[in-house]
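All remarks here apply to the structure that follows.
Protein chains in written order, with the working numbering: chain A, 8 to 492; chain Z, 8 to 492.
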């Protein structure tokens, strides 16, 4: 419970209309996009300025509550799920694009700007913001930066951090600072900006973000290729790269996913195939046509049983939707959908998928697999029911094996969703102990009282040998209950 | 002086042939590419493995000497200049390219690999390592990563950090760790890799580096354009960007630099012009020709008085050399060349250059200016004589004004050379106090005893109120003597 003093001060600071404490408001902010994790926050706050965020964080120290920043809450690793004794701090109502600087190819935005809205806005000016997370239609730029979101265009264009030139951030202490600026080259001092990017709301709250834009590609072509075996699809991906082509998207769906997509969206996909590749090339028209022809030939050479090339933008959107609806289509099958995010070197996509399928079979689980084949970034997705405790335990065991396999392949436990609550245990397995020590030290130095999103990314550790302080104990207890923690 | 125990242990560890203590060896490692800064090291070490580096760092704690890592020593901010009581740790003899993985477009290299050698090696396989610092012919990849080196291709391709997928690093404690890997997407835990990149040898010693490669552009065209005014050249740069073209290089030289280059290299450059642009476009042949034509038209529209387009690779290299020899050509004029590295938003290049020229005039100094117009990254270069104390003081005053102007334009004090010793004072002026505090805390956490390259990037601060420990006092005294500190 927030003390009456805290409530009073928050109301005075933000206005009562921006301090939400009703059951409804708390319940709707008790979870994010991650299955199995939820916790009621003490309150939900809607600050209007960086100064108000500073004041909230200062009060959090005094009143010993924690602060969990949240954009759209579309995260998939529990990054914005409240912890016990926390308030949720919203920035999704800060939705202004403050400046698009066409001379410097930059945009200043507020953290609550929806990714797809920014994309549309800059594309209308002949510019391009490449990062394209699956949740772009609802995710916020602030959330994208907090998670270092990836998406479909990673292979050719990179991820969110490659497009963040500057951030205005409020630290857990309540101090504010600006990092970076419009200079595209800047090596003054240590690169703090790139640590805050992807820090999952544990090191600071972003209040303004300066993004880098690029010229919009003039043309783009989209195709689907169907294969009778995943290894044919995997070899096709390798052959495209070997031909020195970097497509703007190079995505795959496995049979289960294709079937669910077809049932859901009626795109006329052949449901007997083992693998589907969605390939998109963009750039100057002449090059795009050339690449398209090369890729078609490569697909045929690797036993594609059918290829569909979109003739216009409408058809391209239709083909693209085969990939875009994958998650929603899978989510219809069973009450609970556990979507994961392992990454392996792209040359190991096919063998890794084989391992995932074998693991799912061994545990008697239904898995759909899809993801970014060009990035080696796979989304093995378990279709289950959280009321079936035994199956959930088998799913946990399966994912544990999958993470171990990814590590064995020299990959990582998360390519774009973050560590959050869901993968802290595996972070410890993946990471060399000195690096883990440095991560802990970094959090400790920036947020010594653990006020900001505590227990995310890293497990909490007592700072001394004695008993944990009261609120830390509660957090640990909560975390012990969470799945996959 | 190293204690005899330390010397004995180092000799036993590395072999006497790898512990260089002669006057000649110490003198040749007393400076790097930065003018006015030099300090004799206690010894120069040539370790052969990460384990030996660990042992050296452990011994440094016991014996209270500092360790200054060094590649080719081509740095321009004093990053590898020894500090008093330090040994120099060389890695420039680790010159193996360990693996080029054509399926994943990656290369594992040792830190001593020469940048140009790596470029040539991967280009022979149809791949491309884009970062191209001016010193590429002599600089090492380890040094490039330590400084987050930039270069000519920043506008289109980014800088070194955009191509580092993984690093194996020995921490000041002597612990070793691996960060990153072949997964092109990886958001597990905090992004420590990008803090170590550009940390100028103050947070760790790199022992292996995993680089990202891209397909080699099929074609490339190079041109020079001459202008009667710098503002015409500046407008040309803006117009090229506004036409949604990102050239692979977009460089400028001012009149003084053009004259020095012509005198030095006899390229047939008109010496009465006010500005020269070197423009390079690369990519697929059809696009390259299209872009070249567009850029030519833009140059003419902005009053270019002459344009030279290279007809073949030989001629391109000749035109490119106008920019490549700029520093050497300027350095012949006077005994001391102070090359700086301010960056402003690219839309402010022309006004910033006007300010630099006015400042140089006001202080009665001879300046040549050149740099990366497309990045807003300028290299104002003062031609002076370090024996003329009065002129050196005027140069210091002029650079102070120039840094202040860069900050006023929303730019930065260093785009690619690093903070090192030379720009610590200006880092403090540029950086918000909480960020500076975080940088200090980071160094403190990773290197609490200040063993690794102390006093670089950040000024040393006593860790307690009492008198400084002996060796720290010496370092502070040395630093107080350095120019521009």
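Built from N, CA and C at the ideal position, the CB exists for glycine as well.
As the structure is a computational prediction, the values presented were derived from the model and not from experiment.
Given this structure, state the Cα-to-Cα distance separating residue i from residue j, to the nearest angstrom.
| i | j | result |
| --- | --- | --- |
| residue 232(A) | residue 324(A) | 15 Å |
| residue 416(A) | residue 359(A) | 8 Å |
| residue 181(A) | residue 149(Z) | 37 Å |
| residue 162(A) | residue 286(A) | 12 Å |
| residue 258(A) | residue 340(A) | 22 Å |
| residue 192(Z) | residue 423(A) | 7 Å |
| residue 23(Z) | residue 59(Z) | 14 Å |
| residue 319(A) | residue 169(Z) | 34 Å |
| residue 294(Z) | residue 315(A) | 27 Å |
| residue 277(A) | residue 301(A) | 24 Å |
| residue 252(A) | residue 186(Z) | 28 Å |
| residue 441(Z) | residue 152(Z) | 26 Å |
| residue 133(Z) | residue 189(Z) | 19 Å |
| residue 493(Z) | residue 158(Z) | What is shown of chain Z runs 8 to 492, which leaves residue 493(Z) out entirely. |
| residue 292(Z) | residue 204(Z) | 34 Å |
Residues of chain Z with a CB under 8 Å from the CB of residue i: which are they?
| i | result |
| --- | --- |
| residue 530(A) | It is not possible to answer for residue 530(A), since the shown part of chain A is limited to 8 through 492. |
| residue 79(A) | Within chain Z, no residue comes near residue 79(A); the closest Cβ sits about 18 Å away, beyond 8 Å. |
Output, in chain order, the set of chain Z residues within a Cβ distance shorter than 7 Å of residue i.
| i | result |
| --- | --- |
| residue 352(A) | 111, 189 and 190 |
| residue 441(A) | 178, 182 and 184 |
| residue 437(A) | 195 |
Anything in chain A within Cβ reach of residue i, meaning under 8 Å, just list it in chain order.
| i | result |
| --- | --- |
| residue 464(Z) | 196 and 197 |
| residue 294(Z) | 290, 291, 293 and 294 |
| residue 434(Z) | 195 and 196 |
Run down chain A in chain order and give the residues with a C-beta less than 7 Å from the C-beta of residue i.
| i | result |
| --- | --- |
| residue 4(Z) | This structure leaves residue 4(Z) out entirely; chain Z is present only between 8 and 492. |
| residue 37(Z) | Here the premise fails: no neighbours, minimum Cβ distance about 24 Å. |
| residue 445(Z) | 199 and 453 |
| residue 133(Z) | 251 |
Run through chain A and tell me which residues come within less than 9 Å of residue i, C-beta to C-beta.
| i | result |
| --- | --- |
| residue 425(Z) | 194 and 195 |
| residue 253(Z) | 112, 221 and 222 |
| residue 201(Z) | 168, 198, 200, 201, 202 and 204 |
| residue 417(Z) | 188, 189 and 190 |
What in chain Z is Cβ-close to residue i, meaning under 9 Å?
| i | result |
| --- | --- |
| residue 286(A) | Near residue 286(A) there are no residues of chain Z at all, since even the closest Cβ is about 16 Å away, more than 9 Å. |
| residue 206(A) | 197 and 198 |
Apart from the five residues on each side of it in sequence, which residues of its chain come closer than 8 Å, Cβ to Cβ, to residue i?
| i | result |
| --- | --- |
| residue 160(A) | 137, 138, 139, 255 and 256 |
| residue 31(Z) | none |
Kindly list the residues whose CB is nearer than 6 Å to the CB of residue i, restricted to its own chain and excluding five residues on each side of it in sequence; keep chain order.
| i | result |
| --- | --- |
| residue 545(A) | Lying before the first or after the last residue shown, residue 545(A) is absent from chain A, which here runs from 8 to 492. |
| residue 143(Z) | 122 and 123 |
| residue 280(A) | 233 |
| residue 382(A) | 161 and 162 |
| residue 317(Z) | 229, 323 and 326 |
| residue 263(Z) | 375 |
| residue 145(A) | 79 and 81 |
Can you list, in chain order, the residues of its chain whose CB lies under 7 Å from that of residue i, leaving out five sequence neighbours each side?
| i | result |
| --- | --- |
| residue 446(Z) | 465 |
| residue 354(Z) | 245 |
| residue 135(Z) | 129, 220, 221, 222, 223 and 224 |
| residue 470(A) | Confidence at residue 470(A) is low in this model, with a pLDDT of 34, below 50, so its placement is unreliable and no value can be given for it. |
| residue 404(A) | 370 |
Using a threshold of 8 Å, is the CB atom of residue i nearer than that to any non-hydrogen atom of the ligand FMN?
| i | result |
| --- | --- |
| residue 228(Z) | Ligands are entirely absent from the displayed structure, and the ligand FMN is therefore not among its contents. |
Please list the residues of the stretch 140–167 of chain A that have a C-beta atom closer than 8 Å to any C-beta atom in chain Z, keeping them in chain order.
For the stretch 140–167 of chain A, the residues whose beta carbon sits under 8 Å from a beta carbon of chain Z are, in order, 154, 155, 157, 161, 162, 165 and 166.
For the 8 Å Cβ check, are there 3 or more pairs between the stretch 80–89 of chain A and the stretch 416–432 of chain A?
Yes: the two stretches touch, three or more of their Cβ pairs being nearer than 8 Å.
Given 8 Å, three or more beta-carbon pairs between the stretch 104–113 of chain A and the stretch 63–70 of chain A
The answer is no - the stretch 63–70 of chain A does not touch the stretch 104–113 of chain A, with fewer than three Cβ pairs under 8 Å.
Are there three or more Cβ pairs, one per stretch, closer than 8 Å when the stretch 376–392 of chain A is compared with the stretch 330–342 of chain A?
By the Cβ test, the stretch 376–392 of chain A is in contact with the stretch 330–342 of chain A, since at least three Cβ pairs between them sit closer than 8 Å.
Could you say if the stretch 297–315 of chain A and the stretch 363–374 of chain A meet the contact criterion of at least three C-beta pairs nearer than 8 Å?
In short, these stretches do not touch, since the Cβ pair count stays below three.
Chain A contacts from the stretch 222–250 of chain Z (Cβ-Cβ distance under 9 Å):
The residues in question are 222, 223, 225, 245, 248, 249 and 250.
Taking only beta carbons into account, state which residues of the stretch 48–77 of chain A come closer than 7 Å to chain Z, listed in chain order.
Per Cβ criterion, the list is empty.
The stretch 386–397 of chain Z / the stretch 451–461 of chain Z touching (three or more Cβ pairs under 8 Å):
Touching, no, given that fewer than three Cβ pairs across the two stretches are closer than 8 Å.
Cβ-based contacts, 9 Å cut-off: residues of the stretch 447–460 of chain Z near chain A
Taken in chain order, the members of the stretch 447–460 of chain Z whose beta-carbon sits within less than 9 Å of a beta-carbon on chain A are 448, 449, 450, 451, 452 and 453.
Taking contact to mean 3 or more Cβ pairs, one atom from each stretch, closer than 8 Å, check whether the stretch 264–271 of chain A and the stretch 221–230 of chain A are in contact.
Contact fails: fewer than three Cβ-Cβ distances are below 8 Å.
For the stretch 379–397 of chain A, which residues have a CB atom closer than 9 Å to at least one CB atom of chain Z, in sequence order?
The stretch 379–397 of chain A vs chain Z, Cβ under 9 Å: 379, 381, 382, 383 and 384.
At a cut of 8 Å, does the stretch 215–222 of chain Z reach the stretch 127–136 of chain Z through at least three beta carbon pairs?
Two segments are said to touch when three or more pairs of C-beta atoms, one from each, lie closer than 8 Å; by this definition the stretch 215–222 of chain Z touches the stretch 127–136 of chain Z.
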